[in-house]
Amino acid sequence: MTQTGVQAIPPFEVGRLAGAVLDAVGSVVVGKRDALELVLAGILAGGHVLLEDLPGLGKTLTARSFAQALGLDFRRLQFTPDLLPADVTGSFLYDQRKGDFAFRAGPVFTNMLLADEINRTPPKTQSALLEAMQEKQVSVEGVTYRLDPPFHVLATANPIEYEGTYPLPEAQLDRFLLRVSFGYPTAEEEWDVLRRRMSRRQEEAQLAPVVDAHTLQVMQAALESVAVEDSIGRYIVSLAAATREHSAVLVGSSPRGSLALLLLARARAAMAGRDYVVPEDVKDVAVPALAHRITLRPEMWLRQVNPAFVVQEVLSAVPAPASGALPTYAHD
1 MTQTGVQAIP
11 PFEVGRLAGA
21 VLDAVGSVVV
31 GKRDALELVL
41 AGILAGGHVL
51 LEDLPGLGKT
61 LTARSFAQAL
71 GLDFRRLQFT
81 PDLLPADVTG
91 SFLYDQRKGD
101 FAFRAGPVFT
111 NMLLADEINR
121 TPPKTQSALL
131 EAMQEKQVSV
141 EGVTYRLDPP
151 FHVLATANPI
161 EYEGTYPLPE
171 AQLDRFLLRV
181 SFGYPTAEEE
191 WDVLRRRMSR
201 RQEEAQLAPV
211 VDAHTLQVMQ
221 AALESVAVED
231 SIGRYIVSLA
241 AATREHSAVL
251 VGSSPRGSLA
261 LLLLARARAA
271 MAGRDYVVPE
281 DVKDVAVPAL
291 AHRITLRPEM
301 WLRQVNPAFV
311 VQEVLSAVPA
321 PASGALPTYA
331 HD
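The opening position of the sequence shown corresponds to residue 1 in UniProt numbering, with each subsequent residue numbered one higher.
Below, the structure is given as structure tokens:
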């Protein structure tokens with residue numbers, strides 16, 4: 001048992017279960033294994049995931065499929081321009097029988113919340129999620145309600161060039177552990193989508209749970225036993241710091257970006273069945289973990305420089321470690 005009272009399992013068992021979950025989700029979401037691995041890494045790391053891409057590329061399907069495969073309570077909230085903060089968190093309603101106000105919980109009280117098209121609602125409503133995402137609690141009319149673990153937000157967003165969308169505030173973006181894009185499928189993958197739709201003879205695809213909420217928490221707790229050697233920890237810090245010094249960047253990644261790299265690298269290691277992090281784990285998650293935390297100089301937008309390109313340049317410039325030493329924190 002760990003200090004939190006959650007039963008411990010070895011990282012190789014996390015890798016086996018994660019593979020089974022990915023296989024289940026991959027039976028519905030076709031040809032996006034790399035992106036699905038990143039989404040699951042974000043969930044295993046205890047974070048929230050922003051799925052940003054064009055409409056119709058499987059973002060909503062991915063969120064629903066992960067909720068089913070992980071055995072989680074799932075709610076979907078469609079964000080619209082007229083959505084109010086109380087529509088997210090819940091509100092107090094007058095109960096005539098009791099002659100008093102009673103709290104009616106909003107859709108945020110769930111294990112996995114799909115915040116669909118989060119950038120179609122104004123920042124005031126977007127910010128209603130901030131406390132829930134960071135503190136795992138909701139405050140309404142001065143009363144604080146804890147959210148039962150596990151709690152994850154999978155938000156979908158369409159590119160901000162589309163009419164009727166609102167850019168996510170930096171504080172909101174920073175709460176997402178990583179940002180993932182799917183991109184268009186190949187012709188063969190797209191035909192596979194159509195073929196599977198015809199074979200199941202219905203629109204909705206239902207997945208049997210591979211694990212449950214408790215098992216997910218056990219898997220998340222196992223990440224704490226994944227060792228991070230000192231040189232890799234310093235490599236993570238160097239990558240985040242290099243984004244702040246890049247000539248194209250106005251505001252670089254905060255220390256929360258370094259923490260995201262650490263947590264996601266641990267998740268990648270466990271998913272591979274290892275109890276230690278290697279530099280490749282960090283490199284694999286660097287772009288999804290850091291790109292959305294970078295604000296470019298205005299002139300860079302005119303040159304169509306992408307934050308992901310900045311992170312790729314940083315990865316090329318910062319030397320990766322090659323050390324087999326033990327982490328110093330393990331000796332304390």
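Glycine included, C-beta positions come from ideal geometry on N, C-alpha and C.
Everything numeric in this text was worked out from a predicted model, so none of it was measured.
Which of helix, strand or coil DSSP assigns to residue i
i	result
HIS152	strand
SER309	The sequence as given places Phe at residue 309; Ser does not occur at that position. Here PHE309 sits in helix by DSSP.
PHE12	helix
ALA322	coil
GLN304	coil
GLN137	strand
PHE176	coil
VAL49	strand
ASP73	coil
ARG297	coil
THR165	coil
GLY26	helix
ASP87	helix
THR186	coil
Short Cβ contact (7 Å threshold) for residue i with residue j
i	j	result
GLY71	GLN220	no
ASP281	ALA269	yes
ILE232	VAL277	yes
VAL180	VAL39	yes
ALA267	PRO11	no
ALA67	VAL21	no
ASP230	THR328	yes
PRO185	GLY26	no
MET271	GLY15	yes
THR110	LEU83	no
ALA24	VAL211	no
PRO150	LEU216	yes
MET112	PHE74	yes
ALA289	LEU261	yes
CA nearest to the CA of residue i, picked from the options
i	options	result
MET295	ASP275, ALA187, VAL88 and PHE309	At residue 295 the sequence reads Thr, which differs from the Met that was named. Minimum Cα distance to THR295 is reached at PHE309.
TYR166	GLU190, ASP148 and PRO123	PRO123
PRO85	VAL287, ALA267, PRO107 and GLU229	PRO107
ALA155	ASN119, LEU223, ALA102 and ARG274	ASN119
LEU129	LEU77, ASP95 and LEU93	LEU77
PHE101	HIS152, ILE43, PRO321 and GLY90	GLY90
PRO55	VAL88, VAL228, ASP116 and VAL25	ASP116
LEU239	GLY252, GLU229 and ALA248	GLY252
PHE103	GLY257, VAL25 and TYR145	TYR145
LEU17	LEU259, ALA35, ASP34 and LEU44	LEU44
VAL285	VAL30, GLY31 and LEU36	LEU36
GLU170	SER254, LEU262 and GLU299	SER254
GLU190	VAL140, ALA105 and LEU57	LEU57
VAL88	THR80, TYR94 and ASP95	THR80
LYS59	ASP95, PRO149, ALA8 and VAL153	VAL153
LEU147	ALA157, GLU141 and GLU135	GLU135
HIS246	LEU207, ASN306 and GLU13	ASN306
Residue i, buried or exposed, once every other Cβ within 10 Å from all chains shown has been counted against 16
i	result
ALA317	exposed
GLY214	First, the residue type needs correcting, since residue 214 is His and not Gly in the sequence shown. It counts as exposed.
ALA41	buried
ARG175	buried
PRO319	exposed
LEU194	exposed
GLN172	buried
GLN3	Unreliable placement is indicated for GLN3, whose pLDDT of 43 sits below 50; the coordinate value is still reported in the next sentence. Answer is exposed; the Cβ neighbour count stays below 16.
ASP53	buried
ALA8	exposed
PRO298	exposed
HIS331	With a pLDDT of 48 at HIS331, under the threshold of 50, the modelled position of that residue is not reliable, and the figure given next carries that caveat. It counts as exposed.
MET300	buried
Cβ distance (whole Å) where residue i is taken to contact residue j below 8 Å
i	j	result
LEU177	VAL28	The pair is not a contact, with the Cβ atoms about 23 Å apart (cut-off 8 Å).
VAL311	THR243	7 Å
GLY257	ARG201	About 46 Å; that fails the 8 Å criterion.
PHE92	GLU141	6 Å
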